[in-house]
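Chains as they are written, first to last, in our numbering: chain H, 126 to 717; chain C, 126 to 717.
Next comes the structure, spelled out in structure tokens:
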């Protein structure tokens, strides 16, 4: 049976020592969360993850969700109670506006709590996670009436949210979507169509489900410019907030999936269901992007979350498992064999994961802070810069942290040998659950295209320039500290390769966009590695400042490991970017 | 629903054009298999895989095996009939001695047929595959009486075989095993103990199951020098070959696993079961190694097999799926969207897989031919050289082809987007099934250690020298052909990095063995890539020789893709090898 311990101490080190949390104390929400409050929140959030959510992870996977004959869906045993505890604890509305019952705390904190929850039980965490995304989209784009009607119930967890984009013939290419909306004459619309892959589309955790649905209003332009966003509740709320009539939306079936079995993935049928427009007609994608961007960061966090819990279990197994002897002579001659931690190759697997985990958590926090600054800073220039960086890094985080998170789950499973292939170990579940994070909210290849095709050139490359400037300033600031040399050297090598790859695109992709497409995936990973290198340099600086404290020396060693073992990959990515599109695009389609 | 087409043409090209099959015509078995016979065998073997085994793959996964209250195990619907068809077709004994009812054909052919079968249905193929390994071990080490008693029934498929090594406290470290054997006084032994992870340990496909069991004879030395190998049949055969009494061996439970659900993975309990010694007492590991080496090659083939079928399905999906438009303008303006094959990043995923598949199949054939030469050549020097190369390459094939095979299954699944995460697509099953190949028959980290710790230094590095000489001779032979330049350059770069890594070990690992352990995994992958580069150079030469024929130009382009996109990874592996063990071994165990 796997176990989980929320990394509260590690998170506090990053927030306080690496990112100097207190310096944001002037921002709304942050003023309510000085370090001691942050610590208390992380500890409480850690506890509910460890004690309530984690014990349901394995059983939830085995039981899965069941769709009943009447179209209702039953979640695994214990989920209802756990959800109630989670909602009652105020965890769903941690960062939501106080006006609607939220606590108005920094988004960064809410996302870190979600990371703990996802480590403990990823399938569970999707239910409140989707609510949070829907809350954000409604909050930003819906009318005051709709906000008043929906947000308090969603923030409290009485109702949950979903996002309905995909149809069977369109996933990435939303311009093809067919679900239609007909004005009812009373301001509402009648929504008709079928959506697939709707996470948490139907379940028994909450009284009502608030679907955010993309549809095309009759007569709207073709393609993505004719898509609108609607609220379609399962039950239509009465004016007093009580539940009224059942809406014409139902779950047609649920999918049998590789993982996240405890989250119901539904085919949703809309049959002239009553819907309420969010924001302007035909501008639905804009509104949905609020939810999608938040969801993409949430998915990136899932990558880190699974990597973290997988590491914890693999390290514990490696410490306990006795097998073979050290190459340099027995280390526990009194025992029948040494712990497998004496084998360098076992340490390689563990350190590959661990050196990712701390760097990735730092990178996530860095990006989450940009999100908070972009929304809360009083300084317009600061807001713009943070928004630039967030936009740039969102696809990098989503693509790289989920790819590597999955690879790490596989590595952690490998530490267990044959035992890792058996369901009881829980390790194979981590692999199956982590796999979806590379796919949903925009497959990682789409993230790479978003990065290279949209985010890089946007505003004349302003965001990328801001990133490079920040890294260069950091390098300069620490150039005189000799102990920083191994970290700065690694960082500069990674960032240098990223600069070269960027240059190559500038010279070769303008005239031939396929050259950008062909290198996009490697560029995204190169970017992620360079950014992780920067994070490790920041971590090293903070650790050097309190070197004598426990854990700091290990941290510095893990950082060196990252520089020695992981960062060299940037060279391969750069080499691939530079090969361009000719070889791959030269093959005719029928040759595949 | 996934589909499968056996790659008969591709295999024939490799056998005939790349490896000049006919030149082995003087060897026993080969003389019965001139190219037209080989073609007929591959076509028939392809057919049974496509028509009988593949249709049971998805349903077999969903149904899984069931252990009944009486300890018997029921395999999924259709497996019994399919097994009978497979056995009746003579496929199990294709390479077995004619003396025992086999066809005596080259082992290479049998392994290629197994590769087709594993693409079609990996879980099924394990049943006859384990029999083949057991047949080989019995054939090489058992007494004439035991051979006569067991082999004909196993070759015909009436009985199947298993290998029993693992116990709950010992997998890699067999020296710890506790199962004991007590002489009965009549030449037989009473075997008592528990074995776990026994594939095909109990099932309903055959009349009898012949367990090959490692156990310790009372009073034997501790460690690996006190292990003996026994035949323990489920039913004790009478002198006339009919089945006698039920032996005291039973299936205590079956495992719930990540994949290969249709193969029963059993806990086997031996309770003074009657066993018959194979070979010498206390030399059991030697005898078992015959089976293990054959099994390791078989597992390597599974990596290629899954990668192949996953590619076929991903390529078909990519051709048909319409989504988005080409970056260089619409390619199918008459359709609502272009096929996703217009996107370079989709081609990247497909070509990563495909450029592996052909190279890996070539590498497998090259190694399989060494196995045949080592056993069948009349020339002792040739036998020894082939045996050297086979020993050297077995861990490389097992480790690298299964790691990359799994990664490719993940990539192929990614091509499907969300649809790949759904069970019906079959793509997620490929991932789950492929995962075990990295673990069983010696986890891949153990393969790396075997390569670096045992195979490299053996006989003063004779095997590695033979490999380098072969590659150098090939380079020299083709140096004057300008069209070979891109392939030779890539190959030489990969092999050069391998030479550097070898040199680094020679200089740094003698005094400090952990330096070898720390770099072993990267060295193994570096070796695999260098060998694949060599294979692609050989393929290119054969393709250039018949350039005008269909498919050859595509093949040459795929080979260039491999050189441009995959081979650059060798630099990262070399860089990692050179970092040594210091950083990772410096961390105290409690810091993990």
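The C-beta atom is built at its ideal place from N, Cα and C for all residues, glycine as well.
With three or more CB-CB distances shorter than 8 Å, the stretch 677–685 of chain H counts as touching the stretch 463–481 of chain H.
Here residue 350 of chain H is exposed: its Cβ has fewer than 16 other Cβ atoms, across all protein chains shown, within 10 Å. For residue 190 of chain H, no Cβ of chain C is located within less than 8 Å of the residue's own Cβ.
Rounded to the nearest whole angstrom, the CA to CA distance from residue 694 of chain C to residue 515 of chain H is 31 Å.
Proximity of chain C to residue 448 of chain H at the Cβ level (cut-off 8 Å) is accounted for by 295, 296, 297, 298 and 301, in chain order. Excluding its 5 nearest sequence neighbours in each direction, residue 455 of chain H has C-beta neighbours in its own chain below 8 Å: 463, listed in chain order.
Remark: C-beta atoms of residue 483 of chain C and residue 334 of chain C do not approach each other more closely than 8 Å. Here residue 389 of chain H is buried: its Cβ has 16 or more other Cβ atoms, across all protein chains shown, within 10 Å. Neighbours of residue 563 of chain H in chain C, taken as residues whose beta carbon is under 7 Å from its own, are 539 in chain order. Distance from the CA of residue 326 of chain C to the CA of residue 197 of chain C, rounded to the nearest whole angstrom, comes to 10 Å. Contacts with chain H at 8 Å (Cβ-Cβ) do not include residue 395 of chain C. Residue C:471 holds the alpha-carbon nearest to the alpha-carbon of residue 445 of chain C among C:708, C:613, C:417 and C:471. Here residue 398 of chain C carries a strand assignment [DSSP, helix/strand/coil]. Taking 8 Å as the cut-off, the beta carbon of residue 254 of chain C is found closer than this to the beta carbon of residue 423 of chain C. Taking 7 Å as the Cβ-Cβ cut-off, the stretch 692–712 of chain C approaches chain H at 693, 694, 696, 697, 700, 701, 704, 706, 708, 709, 710, 711 and 712, given in chain order.
Within the stretch 441–526 of chain H, the complete alpha helix (DSSP H) segments of 4 residues or longer fall at 469–501 and 505–521, listed in chain order.
In the DSSP assignment, residue 403 of chain H is bridged to H:354. Residue 408 of chain H places its beta carbon 8 Å or farther from that of residue 361 of chain H. The count of Cβ pairs closer than 8 Å, one atom from the stretch 520–535 of chain C and one from the stretch 642–662 of chain C, reaches three, so the stretches are in contact.
Residue 297 of chain H sits buried, since 16 or more C-beta atoms from the chains shown fall within 10 Å of its C-beta. A Cβ-Cβ distance of about 5 Å is found for the pair residue 375 of chain C and residue 394 of chain C, placing them in contact under the 8 Å criterion. In this structure the stretch 495–506 of chain C lies against the stretch 232–241 of chain C, because at least three pairs of beta carbons, one per stretch, are closer than 8 Å. With fewer than 16 other Cβ atoms inside 10 Å of its own Cβ, residue 459 of chain H counts as exposed.
Here residue 218 of chain C is buried, its C-beta having at least 16 other C-beta atoms within 10 Å. Residue 177 of chain H is a Cβ neighbour of residue 210 of chain H, given a cutoff of 8 Å.
When DSSP states are grouped into helix, strand and coil, residue 531 of chain H belongs to the helix group.
One Cα belongs to residue 674 of chain H, the other to residue 666 of chain H, and the distance between them is close to 14 Å. For residue 603 of chain C, the CB contacts under 7 Å within the same chain, skipping 5 residues up- and downstream, are 609, 613 and 666 in chain order.
Residue pairing by DSSP places residue 324 of chain C opposite C:390 in a beta bridge. Two segments are said to touch when three or more pairs of C-beta atoms, one from each, lie closer than 8 Å; by this definition the stretch 526–535 of chain H touches the stretch 551–559 of chain H.
Within the stretch 637–649 of chain H, those residues whose Cβ lies closer than 7 Å to any Cβ of chain C are, in chain order, 638, 639, 642, 643, 645 and 646.
Collapsing the DSSP output to three states places residue 284 of chain C in a strand. Residue 292 of chain C is outside the set of residues whose beta carbon lies under 8 Å from a beta carbon in chain H.
By a beta-carbon distance limit of 8 Å, residue 705 of chain H contacts residue 643 of chain H. Their separation comes to about 6 Å. Proximity of residue 383 of chain H to chain C, defined by a Cβ-Cβ separation below 8 Å, is satisfied. Counting of Cβ neighbours within 10 angstroms places residue 310 of chain C among the exposed residues, the total staying below 16.
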